[in-house]
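Chemist: Take this structure, written in C-alpha cells, and hold onto it; I'll ask about it next.
Protein chains: 2
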Amino acid sequence: YLQDAFKVPLVIQLTDDEKCMWKNLSVEESKRLARENAKDIIACGFDISKTFIFQDFNYVGGTFYENMVRINKCVTYNKVVGIFGFTGEDHIGKISFPAVQAAPSFPSSFPHLFSGKDNLRSLIPCAIDQDPYFRMTRDVAPRLGYQKPALIESSFFPALQGETGKMSASDPNSAIYVTDSGKDIKNKVNKYAFSGGQDSIENHRKYGANLEVDIPVKYLGFFLEDDAELEHIKREYGAGRMLTGEVKKRLTEVLTEIVERHCRARAAVTDEMVDAFMAVRPLPNMFN
Amino acid sequence: YLQDAFKVPLVIQLTDDEKCMWKNLSVEESKRLARENAKDIIACGFDISKTFIFQDFNYVGGTFYENMVRINKCVTYNKVVGIFGFTGEDHIGKISFPAVQAAPSFPSSFPHLFSGKDNLRSLIPCAIDQDPYFRMTRDVAPRLGYQKPALIESSFFPALQGETGKMSASDPNSAIYVTDSGKDIKNKVNKYAFSGGQDSIENHRKYGANLEVDIPVKYLGFFLEDDAELEHIKREYGAGRMLTGEVKKRLTEVLTEIVERHCRARAAVTDEMVDAFMAVRPLPNMFN
C-alpha cells in the first residue's frame with residue numbers, strides 16, 4: 001500500500017540468520033525458509049521495479065558489514081542488555097544481531113540502490129515487537145552521521161482464542177494459515193474463534209454481543225474491505241439481531257477468498273522470480 | 289618458510305574490522321591500512337599461486353558469514369567474558385569479533401579454495417596473544433562437525449628497552465620499523481637497545497656480558513642467519529672478549545641489510561599485485 005501510494009523503493013530484509021540463531025534451525029534450513037517467505041511476500045504483489053528483497057545469509061558483507069561494524073562500535077553490552085534483556089547465558093550471536101537488524105536503516109548499506117544518497121531517510125514498517133531494534137538504531141544514527149529511520153509499527157494480530165492468547169507456531173489452531181484449506185478455515189473459525197456472543201440465543205437477543213472481545217469481528221476489521229458492511233455487522237451483531245454463527249460464516253467466506261487468492265498468486269511465483277527480486281541490481285526508476 | 293617446506297596453500301586474514309573496532313579508526317582508514325599491511329606481507333615473498341590474502345571488510349559474507357553465525361551459536365556471553373575479559377562497558381563489536389577471528393579456521397569459509405574439502409585441517413601460525421581466539425575455536429569445532437585447527441604460536445619480540453618493556457606504536461624508539469633508515473637503525477640500536485654488558489670495560493673484561501637480558505644478542509638470535517657466527521658472538525661477548533659496541537655494530541649491519549632488502553621488495557609491490565593476491569579465485573595447484 002505504501003509503495004502504491006508514495007511510489008517509493010522498498011527494501012525487504014529476511015533475517016534468516018536471526019531464525020537460525022534464535023530457533024534450533026540449521027543455516028541451510030533457515031535459508032530455505034527465507035526463500036519460501038520471499039514467495040509469500042512476492043505473492044502480495046510488490047512492484048519488482050521498485051523492490052529489493054534480500055536474505056542476510058546471502059547479502060551480509062561489503063558496505064552492509066561496514067555499517068554493522070560502525071553500529072557495533074556505538075553500542076555497549078550493557079546497552080543491549082537494557083534494551084533486549086540478554087543474559088550471560090545467551091550466545092554471542094544474539095548479542096551481535098542488533099547491528100544486522102539496524103544496518104538496513106541506512107542507505108549506504110545498499111550501494112547498488114542508493115549510491116551517493118547516504119542522506120536519504122528511511123521509513124520502516126514493522127511489527128511492534130521489532131521496536132527496540134529501531135529505537136537503538138535511531139539512537140546510533142546521528143553519531144554515524146546518518147538520518148534517523150522513521151517507523152510505522154503494526155499491532156499484533158490477536159490469536160483465534162482471544163486477545164489474551166498468543167498466535168503460536170506450536171498451536172496450529174491459534175491462527176489461520178495461508179496454507180489452510182477452506183475446510184480448515186471453516187473448522188477453525190467455528191470451533192476456536194473466541195466469541196463475544198451470549199451463552200444462549202435468548203440472552204444474545206436481549207444483551208447483544210460484546211464486540212470488544214469478539215475475535216470474528218476483530219478479524220473482519222482487518223480483512224473485510226467494505227467499511228459499510230463492517231459497520232452494519234457491528235451494529236446488528238452488537239444489538240443481538242445477528243448471531244455469532246452468521247458472523248463466523250461471513251468471516252469464513254472472507255478469509256477463504258483471501259487465502260485462495262493468495263494461494264493462486266503464490267503458486268504463480270517461480271524460483272526465477274525470487275531470484276529476480278533478490279538480484280543485487282540497480283532499480284533505475286525507483287522514485288517514479 | 290612453512291609454505292616453502294610443505295608446499296601448502298596459505299590463507300592470510302587481515303582483520304581491518306578488528307583495528308576499526310579496537311582502535312579509534314574509521315572504516316575507510318582501517319581498510320587502507322590493511323592494504324598497506326598486505327604490501328609488507330607480499331614483500332616477504334609469498335607464492336601467489338598458493339596464497340590468498342583477504343581483508344575482513346571486503347570478504348565477510350557468504351559461507352564465511354554462515355560459519356560466523358554457526359560459531360556464534362556455540363559461544364555464550366559468559367564464555368567470551370571468561371576468555372577475553374570483556375566488561376559490560378565494552379561495545380558489542382568486540383563481543384561479536386571472536387567469530388570473525390575463528391571463521392577462517394574452517395575450510396568451508398573459502399568455497400573458492402576448498403569446495404568439497406570441508407574436512408581439511410588447518411594450521412594457524414599466529415602470535416601467542418591470539419591464542420584465546422583459537423582455543424575457543426578448537427572448543428567449538430567438533431560441535432560444528434569441523435576439524436580442530438592446529439596452532440604454531442610465535443613468542444613476542446622483546447622491545448629494544450628490554451624483555452620487560454613492550455614494543456609500542458606510541459613509542460617509536462621501542463622497536464625497529466621496516467620504514468627506518470640505516471641512520472635511524474644505528475641510532476636506535478646504539479642508544480636504546482638494552483645491553484647486558486658491564487658498566488665499565490674493566491668489569492666487562494672481567495665478568496663478561498649477561499646474555500640473558502642483552503637485547504642485541506636476542507635480536508641477532510632472530511635475525512642472524514649464520515648460526516656459527518651467532519654462537520661465536522655469544523661465546524666471545526659472554527666471556528667479555530667482545531664489547532657491547534661491537535655486537536651493536538653487527539646487529540646494525542644485519543638489521544640495515546634486512547630492512548633495505550624489505551624496502552626494495554616492498555617498493556616493487558604494486559596495487560595490482562595486492563589486487564591479485566586478494567582476488568577471490570581458485571588456486572589450481574595449491575597442494576603441489
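Taken in order, these protein sequences are the chains called V and G.
FYI, in the working numbering the residues of the first sequence are 1 to 288.
FYI, in the working numbering the residues of the second sequence are 289 to 576.
Quick reminder that beta carbons are idealized off the backbone N, C-alpha and C, glycines included.
Using the three-state DSSP reduction, which class does D514 (chain G) fall into: helix, strand or coil?
Modeler: Coil, per DSSP.
Chemist: Measure from the C-beta of F86 (chain V) to each C-beta in chain B and report whether the shortest distance is under 8 Å.
Modeler: Protein chains V and G are contained in the structure displayed, whereas chain B is not.
Chemist: Which full runs of the alpha helix (DSSP H) of 4+ residues lie inside the stretch 532 to 557 of chain G, going along the chain?
Modeler: The stretch 532 to 557 of chain G contains these whole alpha helix (DSSP H) runs: 532 to 555.
Chemist: Using the beta-carbon of each residue, which ones in chain V are nearer than 8 Å to P386 (chain G)?
Modeler: Within chain V, the residues near P386 (chain G) are I92.
Chemist: Bridge partners of C362 (chain G), per DSSP?
Modeler: Beta-bridge pairing links C362 (chain G) to no other residue.
Chemist: When you compare the stretch 501 to 509 of chain G with the stretch 471 to 488 of chain G, are there three or more beta-carbon pairs, one atom per stretch, that lie closer than 8 Å?
Modeler: Judged by Cβ distances under 8 Å, the stretch 501 to 509 of chain G makes contact with the stretch 471 to 488 of chain G, as three or more pairs qualify.
Chemist: Quick one, are the C-beta atoms of A516 (chain G) and G496 (chain G) less than 8 Å apart?
Modeler: No, the Cβ-Cβ distance between A516 (chain G) and G496 (chain G) is not below 8 Å.
Chemist: For K117 (chain V) versus P104 (chain V), is the C-beta distance shorter than 8 Å?
Modeler: The answer is no: Cβ separation not under 8 Å.
Chemist: What are the partner residues of L220 (chain V), as DSSP defines its beta bridges?
Modeler: Beta-bridge pairing links L220 (chain V) to no other residue.
Chemist: Where does K166 (chain V) land, buried or exposed, given buried means 16+ other C-beta within 10 angstroms?
Modeler: Label assigned to K166 (chain V): exposed.
Chemist: For E441 (chain G), which beta-bridge partners are listed by DSSP?
Modeler: Partner(s): G:C414.
Chemist: What residue from G:A447, G:S318 and G:A555 has the CA that sits closest to T467 (chain G)'s CA?
Modeler: Checked all of G:A447, G:S318 and G:A555; the closest Cα to T467 (chain G) is G:A555.
Chemist: Rounded to the nearest angstrom, what separates D184 (chain V) and F57 (chain V) at their Cα positions?
Modeler: Spanning the two alpha carbons is a distance of roughly 34 Å.
Chemist: Rounded to whole angstroms, how far is the Cβ of A265 (chain V) from the Cβ of A43 (chain V), which I believe are closer than 8 Å?
Modeler: The pair is a contact, with the Cβ atoms about 4 Å apart (cut-off 8 Å).
Chemist: Out of curiosity, what's the CA-to-CA distance linking L160 (chain V) and D4 (chain V)?
Modeler: Their Cα atoms are separated by approximately 31 Å.
Chemist: If we define contact as Cβ-Cβ less than 8 Å, is R358 (chain G) a contact residue for chain V?
Modeler: Yes - at least one Cβ of chain V is within 8 Å of the one on R358 (chain G).
Chemist: If I follow the unbroken alpha helix (DSSP H) through F402 (chain G), where does it start and stop?
Modeler: Note, F402 (chain G): alpha helix (DSSP H), P399 to F402.
Chemist: Check whether chain V comes within 8 Å of T364 (chain G), counting only Cβ atoms and requiring the distance to be less than that.
Modeler: Closer than 8 Å to some Cβ of chain V, the Cβ of T364 (chain G) qualifies, so yes.
Chemist: Would you please state the rounded distance, in angstroms, between the beta carbons of V140 (chain V) and D17 (chain V)? I believe it to be under 8 Å.
Modeler: Their Cβ separation, rounded to whole angstroms, is 20 Å, which puts V140 (chain V) and D17 (chain V) out of contact at 8 Å.
Chemist: Rounding to the nearest angstrom, what Cα-Cα distance links L77 (chain V) and F84 (chain V) in this structure?
Modeler: Per the sequence shown, residue 77 (chain V) should be read as Tyr rather than Leu. Cα to Cα, Y77 (chain V) sits roughly 10 Å from F84 (chain V).
Chemist: Mind pulling the chain G residues with CB within less than 8 Å of D17 (chain V)?
Modeler: Ordered by position in chain G, the residues that pass the 8 Å Cβ test against D17 (chain V) are Y353 and V357.
Chemist: What's the call for P142 (chain V), buried or exposed, on a 16-neighbour Cβ count within 10 Å?
Modeler: The residue is exposed, with fewer than 16 neighbouring Cβ atoms inside 10 Å.
Chemist: Could you tell me which residues DSSP pairs with D459 (chain G) in its beta bridges?
Modeler: According to DSSP, which records beta bridges pairwise, D459 (chain G) is partnered with G:S456.
Chemist: Which residues does DSSP list as the beta-bridge partners of A447 (chain G)?
Modeler: Partner(s): G:G450.
Chemist: Please state whether DSSP places I336 (chain G) in a helix, a strand or coil.
Modeler: I336 (chain G): coil per DSSP, three-state reduction.
Chemist: Report yes if the C-beta distance between F565 (chain G) and K295 (chain G) is below 8 Å; otherwise report no.
Modeler: The answer is no: Cβ separation not under 8 Å.
Chemist: Quick check: the stretch 335 to 353 of chain G against the stretch 61 to 70 of chain V, are there 3 or more CB pairs under 8 Å?
Modeler: Yes, the stretch 335 to 353 of chain G touches the stretch 61 to 70 of chain V.
Chemist: Closer than 8 Å, CB to CB, is C126 (chain V) near chain G or not?
Modeler: C126 (chain V) does not count as touching chain G.
Chemist: Starting from E89 (chain V), find everything on chain G with Cβ-Cβ shorter than 8 Å and list it in chain order.
Modeler: Those are T364, Y365 and N366, listed as they occur along chain G.
Chemist: Going by CA-CA distance only, name the one from V:K79, V:Q13 and V:P158 that's closest to D214 (chain V).
Modeler: The shortest Cα separation from D214 (chain V) among V:K79, V:Q13 and V:P158 belongs to V:P158.
Chemist: Taking 8 Å as the limit between beta carbons, can you name the residues of its chain near L230 (chain V), skipping five residues before and five after?
Modeler: Excluding sequence neighbours, L230 (chain V) sits near L220, G221 and L224.
Chemist: Determine, using beta carbons only, whether S154 (chain V) and P172 (chain V) come nearer to each other than 8 Å.
Modeler: In this structure, P172 (chain V) does not lie closer than 8 Å to S154 (chain V) by Cβ.
Chemist: Report the option in G:F422, G:I359 and G:H379 whose CA atom is closest to the CA atom of G433 (chain G).
Modeler: The option with the nearest alpha carbon to G433 (chain G) is G:I359.
Chemist: With a threshold of 8 Å between beta carbons, is G350 (chain G) in contact with chain V?
Modeler: Closer than 8 Å to some Cβ of chain V, the Cβ of G350 (chain G) qualifies, so yes.
Chemist: Is there a Cβ of chain G sitting closer than 8 Å to that of M136 (chain V), yes or no?
Modeler: Closer than 8 Å: no.
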